[in-house]
Amino acid sequence: MLAVQPPSSIMKTHVSARNAGGRRRCSGGRGRLSIEAGMGGASSTADHQNSYTQMSNGNGNGNGNGHASRHSQMNPEFNLEQLASSSTDSHQTPEVVWGPGKSPDQIAMKLLSLAERQRVAVAARIDPATYSAVRMHAPGVEYNARARTLKLKSASAEQLPKQRRLPGSVAVVSADTADQSIAEEVRVLCDYLGAYTFQIRDVGSANLHGLLTNVDSLRAADVVVVVAGMDCALPPLVAGITQSPVIAVPTSGGFGASLGGMAPLLAALSTNTPGITLCNIDNGYGAAAMAVRMLKMASRLHSVRSAAEAAAAAAEAAARSLDVHAPPAIQV
Numbered sequence: 001m002l003a004v005q006p007p008s009s010i011m012k013t014h015v016s017a018r019n020a021g022g023r024r025r026c027s028g029g030r031g032r033l034s035i036e037a038g039m040g041g042a043s044s045t046a047d048h049q050n051s052y053t054q055m056s057n058g059n060g061n062g063n064g065n066g067h068a069s070r071h072s073q074m075n076p077e078f079n080l081e082q083l084a085s086s087s088t089d090s091h092q093t094p095e096v097v098w099g100p101g102k103s104p105d106q107i108a109m110k111l112l113s114l115a116e117r118q119r120v121a122v123a124a125r126i127d128p129a130t131y132s133a134v135r136m137h138a139p140g141v142e143y144n145a146r147a148r149t150l151k152l153k154s155a156s157a158e159q160l161p162k163q164r165r166l167p168g169s170v171a172v173v174s175a176d177t178a179d180q181s182i183a184e185e186v187r188v189l190c191d192y193l194g195a196y197t198f199q200i201r202d203v204g205s206a207n208l209h210g211l212l213t214n215v216d217s218l219r220a221a222d223v224v225v226v227v228a229g230m231d232c233a234l235p236p237l238v239a240g241i242t243q244s245p246v247i248a249v250p251t252s253g254g255f256g257a258s259l260g261g262m263a264p265l266l267a268a269l270s271t272n273t274p275g276i277t278l279c280n281i282d283n284g285y286g287a288a289a290m291a292v293r294m295l296k297m298a299s300r301l302h303s304v305r306s307a308a309e310a311a312a313a314a315a316e317a318a319a320r321s322l323d324v325h326a327p328p329a330i331q332v
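What follows is the structure, given as structure tokens:
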């Protein structure tokens with residue numbers, strides 16, 4: 001029988017407070033860890049708790065900035081300017097303005113601010129009335145009624161670096177006309193995030209012939225986003241005829257027992273077809289962001305593989321060069 005010992009008998013930890021100018025010394029043995037002050041200060045659990053409280057409270061001043069100040073002391077290069085510049089890194093995913101809950105002037109200000117940094121700014125879930133109000137603050141804004149998106153180009157777009165287009169493609173498949181709004185949102189946002197997209201419309205599970213007609217196009221895509229409502233039967237069908245990753249987006253366009261998209265969401269969760277990534281109801285932006293991440297990861301892996309193959313070829317060429325210039329062996 002295995003005897004279980006209490007934790008106190010397995011490991012004992014002694015923590016000593018740091019003296020002025022002292023250095024900590026760690027010595028560990030089997031079942032024991034000892035941290036002692038370099039100048040031999042007295043050990044006290046209360047002192048340790050007091051120092052921890054001061055660190056978590058911001059060195060005792062109650063402002064809660066203890067971690068930031070401690071990190072800035074450890075790394076002098078850590079400052080707010082670097083955080084601000086990192087938020088505008090060209091390698092990051094471009095930001096999308098979420099329209100619901102924001103006033104037209106807030107949307108316009110956010111679009112103008114992003115456009116100055118990203119060449120182009122996009123806002124999602126914008127109704128026609130909001131677009132009319134935003135246009136008063138940002139006259140150059142463009143509206144896509146089907147996708148319910150706004151796009152604003154910067155006046156100095158030519159001076160800003162162009163966004164790198166991702167290799168590969170994304171197929172956006174929609175089951176019914178009621179799903180076109182979300183499918184168009186996925187297409188617009190994928191294009192905005194740097195991915196090439198193409199659409200396949202009206203190929204629901206009831207139109208199996210139309211789906212099979214587009215098999216070659218589906219298999220040519222690197223990522224497939226399937227937008228479907230009702231019973232959400234289309235994503236498993238698509239996943240069964242292609243080896244590309246499939247992202248399912250259930251929609252709220254059904255009727256009756258659809259329950260505002262809950263029925264297709266639960267149906268997609270319960271599918272027995274492996275390899276399907278599921279987004280929330282009507283979450284076209286989430287699907288576009290996931291598709292772009294997949295393309296970026298595939299591009300990164302391709303770059304690593306190409307670099308490894310180039311290094312292997314260079315090493316092989318160097319080895320052959322050494323064999324050619326090597327002196328002949330001496331026969332004994």
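Quick note on numbering: the UniProt record's numbering labels position 15 of the sequence shown as 15, and the sequence is numbered without any gaps. Glycine included, each C-beta is placed from N, C-alpha and C at the ideal position. Computed from a prediction, not measured in an experiment: that's the story for all the values here.
For this session: Counting only the same chain and skipping the five closest in sequence on each side, list residues whose C-beta sits under 8 Å from that of PRO128.
Result: Excluding residues up to 5 positions away in sequence, TYR143 and ALA145 lie with their Cβ nearer than 8 Å to the Cβ of PRO128 in the same chain.
Exercise. How many Å lie between VAL173 and LEU295 at the Cα?
Worked result: A straight line joining the alpha-carbon of VAL173 with that of LEU295 spans about 17 Å.
For this session: Over the uninterrupted alpha helix (DSSP H) stretch that includes LEU208, give me the two end residues.
Result: That run of the alpha helix (DSSP H) goes 208 to 213.
Exercise. What number of angstroms, rounded off, separates the C-alpha of ARG164 from the C-alpha of ASP191?
Worked result: Spanning the alpha carbons of ARG164 and ASP191 requires a straight line of approximately 11 Å.
Exercise. In three-state DSSP terms, what is ALA239?
Worked result: The three-state reading of DSSP puts ALA239 in helix, counting H, G and I together.
Exercise. In whole angstroms, what separates the C-alpha of SER217 from that of GLY229?
Worked result: Rounded to whole angstroms, SER217 to GLY229 spans 22 Å at the Cα level.
Problem set entry | Close-in-space but distant-in-sequence residues of the same chain around TYR196 (CB under 6 Å, 5 per side omitted) | Counting only residues of its own chain and dropping the five nearest sequence neighbours on each side, TYR196 has a CB closer than 6 Å to the CB of SER169.
For this session: Determine the DSSP secondary structure at GLY22, reduced to helix, strand or coil.
Result: Note on GLY22: pLDDT 44, under 50, position unreliable in the model; the coordinate value appears next. Coil at GLY22, not helix or strand.
For this session: Determine, using beta carbons only, whether LEU193 and THR93 come nearer to each other than 9 Å.
Result: Going by C-beta atoms, LEU193 is nearer than 9 Å to THR93.
For this session: Report yes if the C-beta distance between THR149 and ILE182 is below 9 Å; otherwise report no.
Result: In this structure, ILE182 does not lie closer than 9 Å to THR149 by Cβ.
Problem set entry | As assigned by DSSP and simplified to three states, the class of PRO245 | Residue state, collapsed to three classes: coil.
Problem set entry | Per DSSP, the bridge partner or partners of VAL120 | Secondary-structure assignment with DSSP links VAL120 through a beta bridge to LYS153.
Problem set entry | Cβ-based neighbour list, THR277, same chain, cut-off 8 Å, excluding 5 preceding and 5 following | For THR277, the CB contacts under 8 Å within the same chain, skipping 5 residues up- and downstream, are PRO245, VAL246, ILE247, ALA248 and MET290 in chain order.
Exercise. So which of GLY260, PHE198 and THR271 has the shortest CA-CA distance to LEU234?
Worked result: Out of GLY260, PHE198 and THR271, the CA that lies nearest to the CA of LEU234 is found in THR271.
For this session: Report the residue from ALA307, ALA317 and LEU152 whose alpha carbon sits nearest the alpha carbon of LYS110.
Result: The shortest Cα separation from LYS110 among ALA307, ALA317 and LEU152 belongs to LEU152.
Exercise. ALA123 and SER154 look like a contact to me (Cβ under 8 Å); what is the Cβ gap, rounded to whole Å?
Worked result: Their Cβ separation, rounded to whole angstroms, is 15 Å, which puts ALA123 and SER154 out of contact at 8 Å.
Problem set entry | Own chain residues within Cβ distance below 6 Å of ALA133, not counting five before or after | For ALA133, the CB contacts under 6 Å within the same chain, skipping 5 residues up- and downstream, are PRO104 in chain order.
Exercise. DSSP on PRO128, reduced to helix/strand/coil?
Worked result: In the structure shown, PRO128 adopts helical secondary structure according to DSSP, grouped into three states.
Exercise. When we look at the beta-carbon of GLY256 and count the other beta-carbons within 10 Å, is it buried (16 or more) or exposed?
Worked result: Classification for GLY256: exposed.
Exercise. Apart from the five residues just before and just after ARG320, which ones in its own chain have a Cβ nearer than 6 Å to its Cβ?
Worked result: No residues qualify anywhere along the chain.
Exercise. How long is the line joining the alpha carbons of TYR285 and VAL223, rounded to whole angstroms?
Worked result: CA-CA distance, TYR285 to VAL223, rounds to 15 Å.
Exercise. With a CB to CB cut of under 7 Å and the five nearest residues on each side skipped, what residues in its chain are close to VAL215?
Worked result: Within the same chain, Cβ atoms closer than 7 Å to the Cβ of VAL215 are found at ILE241, the five residues on either side in sequence being excluded.
For this session: Report buried or exposed for SER306, applying the criterion of at least 16 other Cβ atoms within 10 angstroms of its Cβ.
Result: A residue is called buried once 16 or more other Cβ atoms fall within 10 Å of its Cβ, and SER306, having fewer, is exposed.
For this session: Spatial neighbours of CYS279 within its chain, please: CB distance less than 6 Å, with the 5 preceding and 5 following residues excluded, ordered by chain position.
Result: Hits under 6 Å: VAL249, GLY286 and ALA287.
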